[in-house]
Structure formats: structure tokens, C-alpha cells
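Reviewing the structure listed below.
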Amino acid sequence: MLKGLFTTLKIALEKPVTTQYPEQRRPVHTRFKGRHTLKRYENGLEKCIGCALCAAACPADAIFVEASENTDEERYSPGERYASTYEINMLRCIFCGFCEDSCPTEAIVLGDQYEMSFGDRHSSIYTKELLLEPVSGDAETTPQKTKPGEFTRSVPVMQDPQD
Amino acid sequence: MTEAKKEKFIVPIGPQHPALKEPGNFEFTVDGEIVTDATVRLGFVHRGIEKACETRNYTQDMYLLERVCGICSHVHATAFVLGVEKLAGVQAPPRAEAIRVLAAELERIHSHLLWFGVAAHEAGFDTLFMYTWRDREVVMDILETLSGSRVHYSVNILGGVKIDIDQKLSDLIKKDMDFLEERTEHYMKVVTTDETFLGRTRGIGTLSRDRAKLLGAVGPTARASGVKRDVRVNAPYSGYKEFPVKMVIDQTGDLEARFVVRLKELYESYRLIREILEKIQPGEISTRIKRKIPEGEVISRVEAPRGELFYFIKSNGTEMPDRVKVRTPSLCNWGTITDVAVGHKLADMPMLLAGIDPCFSCNDRMVEIRSDSQPSQMMNWDGLRKYGIEYYK
Ligand code: SF4
Ligand code: SF4
């Protein structure tokens, strides 16, 4: 019995293994697949070119993309086209990360956000406004007015992803 | 005769257990406390995954099939990918094969620890349940660091794997393996020496070797009865050719043997993971594979934590498979329940069911006790569990 009590005492002095969730949060790992973000270039232009490759790849048919033409007066992304509508149905999404793999411009990235709850089905559809990350620094938001001939290439030169 | 018939109760268990991957409805006919007959009904949660596969291309199917089960997701993807690679005549690079095995063994650890906790819970040993699940968190954490998800890892791609391991990760895994090994040592002691626990497991649900063979039991359930059945050893696939495993066999065939076999398999997994991390060769982790898979049929078998997982894939030369057939290991083991249940007490049923590891995480199942003379008595799963615990007090 003394041995049993000793164990109880020992465990009682240990640090608790649980986290008090809403107050304390466990940090996620770098490879974590959470809610998607649509990325921007440093100059504020959107990376997504509306090619809908992600929508075609998605095993759960969760993505809907509609593309429109870019003009130099109203430029959203480099190249000819941009995504005028970009919706992900978070109830359908299985967080496989295949959209991330299939995107030619690395526009869509699965981030570290895992707190997604909605009151009704309609709000499970995340629109472009929700997914698009804010512009960094003092860059101008889209649409931008750009010089003709500056952004003709839609897919940039890229390295292999590290993590 | 009629009097005797009135004594007979039929106790249906299920089919509502939303957390189980294959909800089954059991009907136990009881004579007093002793079970005299048992039947099983399946097919309550049919999600149409096999059919859905026919309308998607091979890569998409892999992600979809990974979601057949929430616990052994990696093995499903591996079985499918291996089959498709065989059809396409592509061989994944050795490093990719090793990483597949690594993920599979990590998954086995997580699955066995999960099962161990649940089985302890069914026995009314909740302290053990808390401990195992705490330790399981360690392996879940490794899996998240490795793949980015705690449940559906998506490690595979057609022709290789998506993720790579580096020195930092491998050191972390090794450290955690040491910790888990120490803990498993402790659990082994509990399982083989604890009086209360042995009362629920020793000599209960004995499945003889011949019966196990006849009923087609697979995985740890079969191995606990002395049947040499392990796809990793019998027909090594993927990285298991390079990193062989030892088969864990027990001749007793009772519930205790099923605990011991699974725990011993954990040691084997720890050893294998260390070996892979030591010996893994640098190199490519994927090769190219064409979108269109040549016409043909293929069978692919892998060893899931619960037993042999079987895939049949038929290709018609397009981007989409013509037919995908999945046979999960739990299905094979249901039969053993109906066999060994006969002659046991109703109070043993929760443990017997948990003994085959049918992803038992749900407690809200309904149990109906029927008899000719009395109106139906309803009992939920929790009630049955408590009944078992009270009985053995
Ligand atoms: S993570 Fe997978 S399911 Fe979700 S949107 Fe991307 S491809 Fe579709
Ligand atoms: S997110 Fe990527 S793949 Fe999807 S439409 Fe935009 S550029 Fe194409």
C-alpha cells in the first residue's frame, strides 16, 4: 500500500500533461496542414493566376475557381488572368494538401489555423476575401495600376519547397 | 421445452456506434448469463468510397482511400499506391519505401496504444487508459512533425513519398522511441501480472489454432492463436524486404495472448523504426509516374495494425480505375467473435469485442434485451460495460 501511495504522490507532483485549451494553445508543427491562405508577392500582387489546377486536383471537389482577365489598369496578378472568384468549402475539404502540391505558383498554402467553426452550412464556404492574406509592408493592395509589359509572365521561377 | 425457450434472451448490440469504422449489429442469445449463440450483421455505414473511386483519378483516389479508416489511414494509401505502382511498372526509390515503412510502423504504434487504452477502459481500468493515451500523444506528435497531420498523414504519392526526414527529426523520433519502450515495458508488466486485469483476460475467449485458421482470422488476433499470418513476413512488400520484421506468435489464444502479442509487436516496431533511422540511405524520394495507368488487374496486400488489408484494383487504361475493392482486416475478425462468444458470460462481451480491436472508441451503442415473456429491455453500450465491470468486482 505504501508503494501505491508513493506512486500517487509522485504522479501528483508531476507536471500536468493536458493543456487548458482555449487559454493555452499547443503550437503546431511546421508541416501542419490547417486552413488555406492565398499568398501574395512582395509587391502586393496575388500569386493565384486562376488556372483552376487546384480545383481539378482536389479529391473532394472543395474548390471553385472562376478566372477573369487582368488588364494593366486593373491588375490583380502577374500574367493574363486572375481568380475573380475563389471559394473553398471547408466542410468538403479533407485537408490533404493536394491543392498546395498542384499549384504552379505556390499561391495556395495550408497554414497553421485549425479553429474553424461555423453556425450554418453557408458560412463554411470561405471566399477569396477570407482566404487572401493581407498585403505585407507598404505594398499596394490589388487591383493595381501597372506599366504595360511589366508582368507578362504568370508563373515565376521557383525553388523546391523545403518544408 | 417451451419453458426453456422463454428463458432465452436475445441481446442485440449495435448497430449505432458512429466512431467504429465498420458498425456491426451483434445479437447474443443468452441463457441466464451464458451466451449460447451469436450473430453479426454488417453494412450500416456504407459510404460508397469504392464507387467514388471510379469517378476520380488515381492520385485523388489515394487521398480518398486514405480516409477509409481514421486510425490506419497510411496502410490504405500504401496498399493502393503499391497496387497502382505494380500496374504501372514503376518502382518507388528505396528511400521512399523506407519512409513508407517508417510511417506504417509509427501508425502501428499509435493504433496499438489506442487499442490498449480502449481495451483497458472496457475492463474498467481507466487509469491505464489515461496512461496509454498520454503516451500515445508522443507518437501522434511525431506523426504531426513528420507529415503535418495527426490522423491522415498523406505521406504517399504515386511513385514515392511526399515527405523526407532529416537528422533533427530522426533524433527526435529515436528519443521518443526510448521513452515509449520504457513505458511499454511497464504495460507489459501490468498486463501479465495485475490480478484484476488477468481476471478479465486470462483463459477468456480462447480461440484455438484450427478455429482461427478456419474462420480466417487475421492480424494479432490470429497470431495470438498461433497462426503464422503476417503479410510483412509471409510476403514482404515495400520496405519490409530491406527491413524484415520478426513475427510475434503466441500459442494460448486467449484475451491475454492478444494483449501480449500486440505489446510485443510494439517492441518490434520500436526496433524497426530505429533500424530504419540508422540505415536509411540518402537518395530520391519519388519517381515519375504517368497519369494513365496501363490496363490490367492487380492485388495488393499489406499488414495493417489489425491484420491483413487487401486491395483489388482494375485499370482500363484511363486516368481512373475501373474498380477498386477494399477488404479491411476487422471484417475478417468479426467471425471469430461470433465463434468464441458462445459459452461465455454476457459480462465478457465488451472485452471480447475490444479484443479484436474493432476501433472501439464509442460508448453510446444500444443494447436491447429481448425475451418472449418480457417487454424489451434497453441497455446502452455504457450500461453493458458497467455490467461487465460490476460483475467482476
Ligand atoms: S486540402 Fe485537399 S480537399 Fe482541401 S481544398 Fe486542398 S485539395 Fe481540396
Ligand atoms: S491557387 Fe494555384 S492552382 Fe489554384 S487557381 Fe490559383 S494559381 Fe491555379
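Residue numbers (this note's numbering), protein chains in the order written: chain C, 2 to 164; chain Z, 31 to 423. Ideal Cβ placement from N, Cα and C applies to all residues, glycine included.
Less than 6 Å between C-beta atoms, sequence neighbours within five positions excluded: which residues of the same chain meet that for C:Leu10? Along the first sequence, one-based indexing puts residue 10 of chain C at 9. If we look at C:Leu10 and ignore the five residues flanking it on each side, it has no Cβ neighbours.
Taking 8 Å as the CB-CB limit, is C:Thr20 close to chain Z? Within the first sequence, residue 20 of chain C is the residue found at index 19, counting from 1. False, the Cβ-Cβ gap to chain Z never drops below 8 Å.
Alpha carbon of Z:Gln90 to alpha carbon of Z:Val354, nearest angstrom: Taking the second sequence and counting its residues from 1, one reaches residue 90 of chain Z at position 60. Taking the second sequence and counting its residues from 1, one reaches residue 354 of chain Z at position 324. Looking at the two C-alpha atoms, the distance is approximately 13 Å.
Distance, C:Leu133 Cα to C:Ala140 Cα: Within the first sequence, residue 140 of chain C is the residue found at index 139, counting from 1. Within the first sequence, residue 133 of chain C is the residue found at index 132, counting from 1. So the alpha carbons of these two residues sit roughly 15 Å apart.
Helix, strand or coil for Z:His216, going by three-state DSSP, please let me know. One-based indexing of the second sequence puts residue 216 of chain Z at position 186. In the structure shown, Z:His216 sits in a helix (DSSP, three-state: H, G or I).
Can you tell me where the alpha helix (DSSP H) holding Z:Arg166 begins and where it ends? Taking the first residue of the second sequence as position 1, residue 166 of chain Z is located at position 136. Unbroken alpha helix (DSSP H) run through Z:Arg166: Asp156 to Ser177.
Distance cutoff 8 Å, beta carbons only. Does C:His37 sit that close to anything in chain Z? Residue numbering aside, residue 37 of chain C sits at position 36 when the first sequence is read from its first letter. So no, C:His37 is outside the interface.
Ligand 2 and C:Ser103: does any heavy atom of the ligand fall closer than 7 Å to the residue's C-beta? In the first sequence, counting from the first residue as 1, residue 103 of chain C sits at position 102. Within the cutoff, so yes.
Z:Asn346 burial status per 10 Å Cβ neighbour count (16 or more: buried): Working through the second sequence from its first residue, we reach residue 346 of chain Z at position 316. Z:Asn346 should be labelled exposed.
Closer than 7 Å by beta-carbon distance: list the chain C residues that pair up with Z:Tyr93, in chain order. Taking the first residue of the second sequence as position 1, residue 93 of chain Z is located at position 63. Residues of chain C passing the Cβ test: Pro60, Ile95, Cys97 and Phe99.
Answer yes or no: does any C-beta atom of chain C fall closer than 8 Å to that of Z:His142? For this step, residue 142 of chain Z is matched to residue 112 along the second sequence. Not closer than 8 Å to any Cβ of chain C, the Cβ of Z:His142 fails to qualify, so no.
Measure the CB-CB distance between Z:Val41 and Z:Gly373 and report whether it falls below 8 Å. Looking up residue 41 of chain Z in the second sequence gives position 11. Looking up residue 373 of chain Z in the second sequence gives position 343. No. Outside cutoff.
What separation, rounded to the nearest whole angstrom, lies between the Cα atoms of C:Met2 and Z:Val290? Taking the first sequence and counting its residues from 1, one reaches residue 2 of chain C at position 1. Taking the second sequence and counting its residues from 1, one reaches residue 290 of chain Z at position 260. Spanning the two alpha carbons is a distance of roughly 27 Å.
Would you identify the three-state DSSP class for Z:Thr32, choosing helix, strand or coil? For the purposes of this step, residue 32 of chain Z is taken as the residue at position 2 of the second sequence. Note that Z:Thr32 scores a pLDDT of 43, beneath 50, so its modelled location is shaky; the value from the coordinates is reported in the next line. In the structure shown, Z:Thr32 sits in a helix (DSSP, three-state: H, G or I).
Between the segment 129–145 of chain Z and the segment 363–380 of chain Z, are three or more C-beta pairs nearer than 8 Å? no
Between Z:Trp364 and Z:Glu174, what straight-line distance do the alpha-carbon atoms span, to the nearest angstrom? By one-based count along the second sequence, residue 364 of chain Z stands at place 334. By one-based count along the second sequence, residue 174 of chain Z stands at place 144. Straight-line Cα distance between these residues: approximately 32 Å.
For the beta strand (DSSP E) that contains C:Arg197, what are its first and last residues? The shown model of chain C, from 2 to 164, leaves out residue 197 of chain C, and the question about it has no answer.
Counting contacts by CB-CB distance shorter than 8 Å, is C:Arg32 in contact with chain Z? As a working note, residue 32 of chain C is residue 31 in the first sequence. Yes - at least one Cβ of chain Z is within 8 Å of the one on C:Arg32.
Using a Cβ-Cβ cutoff of less than 7 Å, which residues in the same chain neighbour C:Gly45 once the five nearest sequence positions on both sides are dropped? By 1-based counting over the first sequence, the position of residue 45 of chain C is 44. Counting only Cβ-Cβ distances below 7 Å, and skipping sequence neighbours, we find Val136, Ala140, Glu141, Thr142, Thr143 and Gln145.
Less than 8 Å between the CB atoms is what I'm expecting for Z:Val248 and Z:Pro359, so what's the real figure, rounded? Here residue 248 of chain Z refers to the residue found at position 218 of the second sequence. Here residue 359 of chain Z refers to the residue found at position 329 of the second sequence. At roughly 5 Å, the Cβ-Cβ gap stays under 8 Å, so Z:Val248 and Z:Pro359 are in contact.
If you follow the alpha helix (DSSP H) that Z:Phe110 is part of, which residue opens it and which one closes it? The residue labelled residue 110 of chain Z in the question sits at position 80 within the second sequence. Boundaries of the alpha helix (DSSP H) around Z:Phe110: Ser103 to Ala118.
Tell me which residue opens and which closes the beta strand (DSSP E) that Z:Lys344 is part of. Within the second sequence, the letter at position 314 stands for residue 344 of chain Z. Unbroken beta strand (DSSP E) run through Z:Lys344: Gly337 to Ser345.
Starting from C:Glu101, follow the alpha helix (DSSP H) in both directions and report where the run begins and ends. In the first sequence, counting from the first residue as 1, residue 101 of chain C sits at position 100. For C:Glu101, the uninterrupted alpha helix (DSSP H) segment begins and ends at Phe99 to Ser103.
Exposed or buried, what is C:Phe99 when buried is set at 16 or more other beta-carbons lying within 10 Å of its beta-carbon? Residue numbering aside, residue 99 of chain C sits at position 98 when the first sequence is read from its first letter. When all chains shown are included, C:Phe99 counts as buried.
Between which residues of its own chain and Z:Leu202 is the CB-CB distance below 8 Å, once the five residues before and five after are set aside? Reading the second sequence from its first residue, position 172 is the one you call residue 202 of chain Z. Ile172 and Thr175.
Local Cβ density within 10 Å of Z:Ile139, reported as buried at 16 or more and exposed below that: Position 109 of the second sequence holds residue 139 of chain Z. The residue in question, Z:Ile139, is buried, as its Cβ has 16 or more Cβ neighbours within 10 Å.
Going by beta carbon distance, what residues of the same chain come within less than 6 Å of Z:Pro255, once the five residues before and after it are set aside? Sequence index remark: in the second sequence, residue 255 of chain Z carries index 225 (1-based). This sequence places Ser at residue 255 of chain Z; Pro is not what is there. If we look at Z:Ser255 and ignore the five residues flanking it on each side, its Cβ neighbours are Leu237, Arg239, Ala242 and Gly283.
Are any of the Cβ atoms in chain C nearer than 8 Å to that of Z:His104? Here residue 104 of chain Z corresponds to residue number 74 of the second sequence, with the count starting at 1. Put simply, the CB of Z:His104 is far from chain C, with every gap to its CB atoms at 8 Å or more.
Closer than 9 Å by beta-carbon distance: list the chain C residues that pair up with Z:Thr85, in chain order. For the purposes of this step, residue 85 of chain Z is identified with residue 55 of the second sequence, where counting begins at 1. What Z:Thr85 touches in chain C, judged by beta-carbon distance under 9 Å, is nothing: the nearest beta carbon there is about 10 Å away.
Can you tell me whether C:Leu46 sits near ligand 1, meaning its C-beta is under 7 Å from at least one heavy atom of the ligand? Position 45 of the first sequence, counted from the start, is the residue given in the question as residue 46 of chain C. Outside the cutoff, so no.
Which word fits C:Pro17, buried or exposed, when buried means at least 16 other C-beta atoms lie within 10 angstroms of its C-beta? Position 16 of the first sequence, counted from the start, is the residue given in the question as residue 17 of chain C. Classification of C:Pro17: exposed, given that the 10 Å Cβ count is below 16.
By the criterion of Cβ-Cβ separation under 7 Å, what are the contact partners of Z:His374 in chain C? Counted from its first residue, the second sequence places residue 374 of chain Z at position 344. By Cβ distance, chain C contributes nothing, its closest Cβ being about 32 Å from Z:His374, past 7 Å.
Residues of the segment 163–179 of chain Z with a CB closer than 9 Å to any CB of chain C: list them in chain order, please. For chain C, the residues of the segment 163–179 of chain Z that bring a beta carbon within less than 9 Å of one of its beta carbons are Arg164, Glu167, Asp171, Glu174, Thr175, Leu176, Ser177, Gly178 and Ser179, in chain order.
Can you tell me whether DSSP reads Z:Arg400 as helix, strand or coil? Within the second sequence, residue 400 of chain Z is the residue found at index 370, counting from 1. Summary for Z:Arg400: the model assigns pLDDT 40, below 50, so the residue's position carries little reliability; its value from the coordinates is reported in the next sentence. DSSP places Z:Arg400 in strand when its eight states are reduced to three.
For Z:Phe155 and C:Glu107, I'd like the C-alpha separation in whole angstroms. Walking along the second sequence from the start, residue 155 of chain Z turns up at place 125. Walking along the first sequence from the start, residue 107 of chain C turns up at place 106. Roughly 50 Å separates the two Cα atoms.
Contact test: C:Leu133 Cβ vs ligand 2 heavy atom, cutoff 7 Å: In the first sequence, the residue the question calls residue 133 of chain C occupies position 132. No.
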